[in-house]
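**Q** Please find one structure pasted underneath; my questions will follow.
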Amino acid sequence: MTDHCALTPHRGFTLIEVLVSMIMLAVGLLGLASLQTLALRQSQDATLMQQAILLATSMQARIRANADVNWATVSPNAVDSCTKNIPCTQVQLAANDYGQWTREARQSLTANAHVTIQLSREVNTPPCISTAPGALCLVTTWPRVDTKTTGFFSKNATFYLEILP
115 MTDHCALTPH
125 RGFTLIEVLV
135 SMIMLAVGLL
145 GLASLQTLAL
155 RQSQDATLMQ
165 QAILLATSMQ
175 ARIRANADVN
185 WATVSPNAVD
195 SCTKNIPCTQ
205 VQLAANDYGQ
215 WTREARQSLT
225 ANAHVTIQLS
235 REVNTPPCIS
245 TAPGALCLVT
255 TWPRVDTKTT
265 GFFSKNATFY
275 LEILP
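For the sequence shown, my numbering assigns the number 279 to the last residue and increments by one with no breaks.
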């Protein structure tokens with residue numbers, strides 16, 4: 115006769131094994147959430163950079179269309195002063211375009227975005243390094259969120275576009 119009361123090896127998991135696997139799963143999920151947050155932030159930065167490039171190339175087309183103006187001395191208009199009913203000079207049109215560019219940057223990027231038109235030799239930062247007369251540099255700067263330190267706007271991103279005559 116056989117004895118059915120003999121000890122058989124345990125099958126299944128112990129409580130410690132279950133707890134360790136749950137901790138490992140939790141750490142993995144936290145890492146996944148961190149990667150998702152980083153991807154969203156990088157996506158936002160890429161979108162803002164794309165907007166800055168579009169704005170700068172739009173302004174480049176306006177400058178090339180009105181090439182007789184000394185753009186380094188133009189100040190942006192606060193309001194549109196040129197309409198189809200009110201003709202304006204080339205300088206007024208340039209100031210109007212500069213003002214529109216400034217407003218578009220603040221709407222597309224952030225309210226703290228800053229755009230300038232400078233002579234390339236004054237900027238002297240790659241790619242704006244030309245010393246050719248009339249070479250301009252469009253500088254677009256906007257704040258970025260630095261969540262590693264304060265979580266507030268603490269770093270600036272800048273896009274430079276050089277326009278050669």
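Built from N, CA and C at the ideal position, the CB exists for glycine as well.
Keep in mind that this is a model prediction, so the values were computed, not measured.
Tell me whether the stretch 185-198 and the stretch 146-164 touch, counting them as touching only if at least three CB pairs, one residue from each stretch, are closer than 8 Å.
**A** Not touching, per the Cβ criterion.
**Q** Just curious, the beta strand (DSSP E) that L233 is in, first and last residue?
**A** Translated into the one-based positions of the sequence shown, residue 233 becomes position 119. It spans 228-233 - the beta strand (DSSP E) in which L233 sits, taken as one unbroken run.
**Q** Specify the secondary structure class of N210 as computed by DSSP and reduced to three states.
**A** As a first step, residue 210 must be located in the sequence shown, where it is residue number 96. Reduced to three states, the DSSP call for N210 is helix.
**Q** For D182, which option in A271, Q206, T128, A170 has the closest C-alpha, if you only look at C-alpha atoms?
**A** To locate residue 182, count along the sequence shown from 1; it is residue 68. Among A271, Q206, T128, A170, the Cα nearest to that of D182 is on Q206.
**Q** Measure the Cβ-Cβ separation of A219 and A227 and say whether it is below 8 Å.
**A** Counting from one through the sequence shown, the residue named residue 219 turns up at place 105. Counting from one through the sequence shown, the residue named residue 227 turns up at place 113. Yes.
**Q** Compute the Euclidean distance between the alpha carbons of S222 and L162, then round it to the nearest angstrom.
**A** Position 108 of the sequence shown, counting from 1, holds the residue named residue 222. Position 48 of the sequence shown, counting from 1, holds the residue named residue 162. Spanning the two alpha carbons is a distance of roughly 8 Å.
**Q** Across which residues does DSSP place E110 in a beta bridge pair?
**A** Nothing can be reported for residue 110, as the shown portion of the chain is limited to 115 through 279.
**Q** Nearest by alpha-carbon distance to S189: which of T272, Q204, I130, G213 is it?
**A** Within the sequence shown, numbered from 1, the residue matching residue 189 stands at position 75. Selected option, being the one with the closest Cα: G213.
**Q** Suppose you measure from the CA of E276 to the CA of Q158; what does that come to, to the nearest Å?
**A** Residue 276 sits at position 162 when you count from the first residue of the sequence shown. Residue 158 sits at position 44 when you count from the first residue of the sequence shown. Using only the alpha carbons, I get a separation of about 25 Å.
**Q** State the CB to CB distance for the pair Q174 and L252, rounded to an integer number of angstroms; the pair is presumed to be in contact (CB under 8 Å).
**A** Along the sequence shown, read from residue 1 onward, the residue named residue 174 stands at position 60. Along the sequence shown, read from residue 1 onward, the residue named residue 252 stands at position 138. Yes, they are in contact, since the Cβ atoms of Q174 and L252 sit about 7 Å apart, within 8 Å.
**Q** Does F339 pass the burial test, meaning 16 or more other C-beta atoms within 10 Å, or should it be called exposed?
**A** Shown here, the chain extends from 115 to 279; a query on residue 339 therefore has no answer.
**Q** Does R258 come out as helix, strand or coil in the three-state DSSP assignment?
**A** Within the sequence shown, the letter at position 144 stands for residue 258. Looking at R258 - three-state DSSP - the assignment turns out to be strand.
**Q** Which residues in the same chain have their Cβ closer than 8 Å to the Cβ of T245, if we skip the five residues on either side of it in sequence?
**A** Against the sequence shown, residue 245 aligns to sequence position 131. Within the same chain, T245 has close Cβ partners S234, R235.
**Q** Starting from the C-beta of R176, find all residues in its chain whose C-beta is less than 7 Å away, skip the five residues before and the five after it, and write them out in chain order.
**A** Looking up residue 176 in the sequence shown gives position 62. Once the five neighbours on either side are set aside, the close Cβ partners of R176 are D211.
**Q** Quick check on this structure: which residue in V237, I231, P241, T239 has the alpha carbon closest to the alpha carbon of L169?
**A** The sequence position of residue 169 within the sequence shown is 55, counting from 1. Here the closest residue by C-alpha is I231.
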